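For reference, the structure is listed below as structure tokens.
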Amino acid sequence: MKNRLITSRIQKKSLTKFGRIMVITGARQTGKTTLVRQAFPDFTYLSIEDPVMRKSYASLSAPQWLANYPKAILDEIQKGPILVESIKSVYDQFEKPRYILLGSSQILLLQKVKESLAGRSQIIELYPLTLPELLSKGWDDEVGLSFLQKYFLGEATLESLLPNFTLVKEFAAKKAGMDYFLDFGGYPALTDSQLRDAERQEWLVNYVKTYLERDIRDLVELRELEPFMKIQQMVALHTGKLINFSKLAKEAGVTSKTAQRYLQYLEISYQAMVLLPWYRNSLKKLVRTPKVHFLDPGIVNAILRKTKTVYGNEYESAVVAEIYKQIKSLQLPVQLYHLRTLDGREIDLLLETEAGYIPIEIKMSDHISETDARNFRGLEEILDKPVLHQFILSNDLEVKHLNPKTTSMPAAYFLTSF
């Protein structure tokens with residue numbers, strides 16, 4: 000199994016006053032159960048899926064919880080929401096117990112948590128593996144930070160970049176890791192070296208099938224899956240593009256309002272993210288339409304039933320999703336947007352920090368030149384804070400400092416540890 004960057008963070012958090020109850024949520028098969036069972040071997044594991052055991056746990060009083068389960072992992076907690084009340088009661092009466100609640104249904108779980116455990120719990124989201132995690136050799140191998148993460152933490156500078164990605168230690172492995180990620184994504188089950196590509200593809204197709212037949216039905220009790228499946232396919236086909244709800248609705252044979260609701264289902268089940276537009280400056284002519292990005296390229300390929308072919312919008316989406324996951328994994332205080340003017344000038348990703356902005360252009364090209372930086376021109380006249388630096392991420396293996404504020408570098412270099 001692969002190590003996760005958040006492992007040490009949740010271990011330390013569990014020892015603090017504010018870590019007495021931790022809620023770890025995320026899509027199915029992102030490794031929540033494996034992670035916490037490995038990280039917390041002294042915690043008793045309780046599966047809530049068994050209805051008989053669920054009833055047994057629900058009958059316990061707070062003193063009985065303390066006596067029998069002072070430290071416990073409660074898996075699939077959304078299937079036994081009454082147990083959240085039990086944990087709340089233990090928390091309020093005793094200081095010693097520590098509990099970790101796991102669930103893959105964000106809306107069902109978090110709704111109950113917000114009602115019952117407000118101010119009592121820490122909520123942590125677990126996503127598919129990031130590239131540094133994907134490239135780690137195993138549980139005992141420390142996960143390195145990517146250039147992106149080190150840059151935000153002040154641990155890496157532009158001067159530390161080597162002139163060519165091929166000079167980076169283990170370049171071939173990092174490049175292969177990026178190629179693997181674009182084909183199969185970051186779900187932990189697929190990293191088994193014994194698996195053939197065809198088996199990975201079959202797993203992803205079955206995952207999508209299970210998601211439709213089990214997760215979505217559990218989440219919102221859809222009567223008919225076909226309209227939702229059409230929306231899912233359309234969103235996958237147009238990942239990385241502006242959302243056109245009218246077009247989505249027409250293709251699926253539903254109303255625009257229903258299309259919006261279905262997209263929200265994809266978002267709250269950790270399948271997709273909505274990237275909001277930046278339009279804080281009311282004096283400038285800016286597009287106010289959000290973009291949608293699937294969070295895992297392997298899932299996109301499975302939905303569209305394709306292999307080994309990556310289009311420009313899919314490449315952009317994969318890179319944006321990876322940046323999103325890496326920022327989330329460190330809980331960095333960074334906001335993500337896209338920016339587009341009415342005359343078509345676009346910034347694929349705009350990262351906002353307290354100090355300013357980092358605009359990022361994403362191109363699948365193997366060669367980047369100064370003309371590829373044209374969308375950055377005049378950007379500071381639009382934004383309300385300074386531009387700290389600008390990056391172009393691509394398949395070009397060279398690192399190019401196009402001007403004092405613009406650097407072009409390989410996406411795989413930007414997103415992997417070095």
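Here numbering that gives the first Met the number 0 is used: the first residue of the sequence shown is 0, the next is one more, and so on. Just so it is clear, CB atoms sit at the ideal spot from N, CA and C, and this is done for glycine as well. Bear in mind that the values here come from a model prediction, so they are computed numbers and not experimental data.
Three-state secondary structure assigned by DSSP to residue i
{"i": "G153", "result": "coil"}
{"i": "S255", "result": "helix"}
{"i": "M0", "result": "coil"}
{"i": "A354", "result": "coil"}
{"i": "I367", "result": "coil"}
{"i": "S55", "result": "helix"}
{"i": "I122", "result": "strand"}
{"i": "D347", "result": "strand"}
{"i": "A384", "result": "Sequence inspection shows Lys at residue 384; the Ala mentioned does not correspond to that position. If DSSP states are grouped into helix, strand and coil, K384 belongs with coil."}
{"i": "K87", "result": "helix"}
{"i": "E223", "result": "coil"}
{"i": "K208", "result": "helix"}
{"i": "E266", "result": "helix"}
{"i": "E169", "result": "coil"}
{"i": "E158", "result": "helix"}
{"i": "S135", "result": "coil"}
{"i": "T190", "result": "helix"}
{"i": "F39", "result": "coil"}
{"i": "P50", "result": "helix"}
{"i": "A320", "result": "helix"}
{"i": "Q330", "result": "coil"}
{"i": "L247", "result": "helix"}
{"i": "V112", "result": "helix"}
Supposed contact pair residue j and residue i - C-beta distance, whole angstroms, cut 8 Å
{"i": "V398", "j": "P162", "result": "6 Å"}
{"i": "L133", "j": "F180", "result": "6 Å"}
{"i": "I123", "j": "I5", "result": "7 Å"}
{"i": "V51", "j": "L101", "result": "Rounded, the Cβ-Cβ distance is 19 Å, inconsistent with contact."}
{"i": "K290", "j": "K324", "result": "About 17 Å; that fails the 8 Å criterion."}
{"i": "V83", "j": "L65", "result": "Actually they are not in contact, since the Cβ atoms of V83 and L65 sit about 17 Å apart, beyond 8 Å."}
{"i": "P358", "j": "V333", "result": "Incorrect: roughly 13 Å between the Cβ atoms, too far for contact."}
{"i": "F151", "j": "L275", "result": "About 20 Å separates the two Cβ atoms, so there is no contact after all."}
Exposure label - residue i; buried when at least 16 CB within 10 Å
{"i": "L224", "result": "exposed"}
{"i": "F17", "result": "exposed"}
{"i": "I81", "result": "exposed"}
{"i": "M21", "result": "buried"}
{"i": "N2", "result": "buried"}
{"i": "P409", "result": "buried"}
{"i": "S268", "result": "buried"}
{"i": "P85", "result": "In the sequence as displayed, the identity of residue 85 is Ser instead of Pro. With 16 or more other Cβ atoms within 10 Å, it is buried."}
{"i": "S416", "result": "buried"}
{"i": "T238", "result": "buried"}
{"i": "E360", "result": "buried"}
{"i": "Q270", "result": "buried"}
{"i": "R19", "result": "buried"}
{"i": "L125", "result": "buried"}
{"i": "Q424", "result": "Residue 424 lies beyond the residue range present for the chain, which begins at 0 and ends at 417; the question has no answer from this structure."}
{"i": "K173", "result": "buried"}
{"i": "R418", "result": "Nothing about residue 418 can be reported from this structure: the residues present for the chain run from 0 to 417 only."}
{"i": "R339", "result": "buried"}
{"i": "D347", "result": "buried"}
{"i": "K295", "result": "Here the sequence assigns Asp to residue 295, which means Lys is not the residue at that position. It counts as buried."}
{"i": "K78", "result": "buried"}
{"i": "Q389", "result": "buried"}
{"i": "V318", "result": "buried"}
{"i": "N67", "result": "exposed"}
{"i": "Q10", "result": "exposed"}
{"i": "D371", "result": "buried"}
{"i": "Q148", "result": "buried"}
{"i": "V273", "result": "exposed"}
Beta bridge counterpart(s) of residue i as assigned by DSSP
{"i": "H419", "result": "What the structure shows of the chain is the stretch from 0 to 417, and residue 419 is not part of that stretch, so it cannot be assessed."}
{"i": "K389", "result": "It should be noted that the sequence gives Gln, not Lys, for residue 389. Note: Q389 sits in a beta bridge opposite T405."}
{"i": "Y44", "result": "I72"}
{"i": "I99", "result": "M21, I72"}
{"i": "L285", "result": "T340"}
{"i": "N163", "result": "E397"}
{"i": "H292", "result": "M272"}
{"i": "S145", "result": "S416"}
{"i": "K240", "result": "V291"}
{"i": "E360", "result": "I391"}
C-beta neighbour in chain C for residue i, strict 8 Å
{"i": "R376", "result": "Of the protein chains in the structure, only one exists, and it is not chain C."}
Legend entry - Any 3 or more C-beta pairs closer than 8 Å across the stretch 178-189 and the stretch 231-238: no
Inset, instruction - Give a yes or no on contact between the stretch 373-380 and the stretch 312-332, applying the rule of three or more CB pairs nearer than 8 Å. - result: Because the criterion of three Cβ pairs below 8 Å is not met, the stretch 373-380 and the stretch 312-332 do not touch.
Inset, instruction - Would you check if the stretch 395-413 and the stretch 341-353 touch, i.e. whether three or more CB-CB distances between them fall below 8 Å? - result: no
Inset, instruction - Check whether the stretch 275-289 touches the stretch 379-386, counting contact only when three or more Cβ pairs, one atom from each stretch, lie closer than 8 Å. - result: Under the three-pair Cβ rule at 8 Å, the stretch 275-289 counts as touching the stretch 379-386.
Inset, instruction - Please determine if the stretch 45-62 and the stretch 143-158 are in contact, where contact requires at least 3 C-beta pairs separated by less than 8 Å. - result: Taking 8 Å as the limit for Cβ pairs, the verdict is that the stretch 143-158 does not touch the stretch 45-62.
Inset, instruction - Mind the definition here: the stretch 363-371 touches the stretch 291-306 only if three or more C-beta pairs lie below 8 Å; say whether that holds. - result: Between the stretch 363-371 and the stretch 291-306, the count of Cβ pairs shorter than 8 Å is below three; the stretches do not touch.
Inset, instruction - Could you tell me whether the stretch 244-264 touches the stretch 194-208, where touching means 3 or more Cβ pairs closer than 8 Å? - result: no
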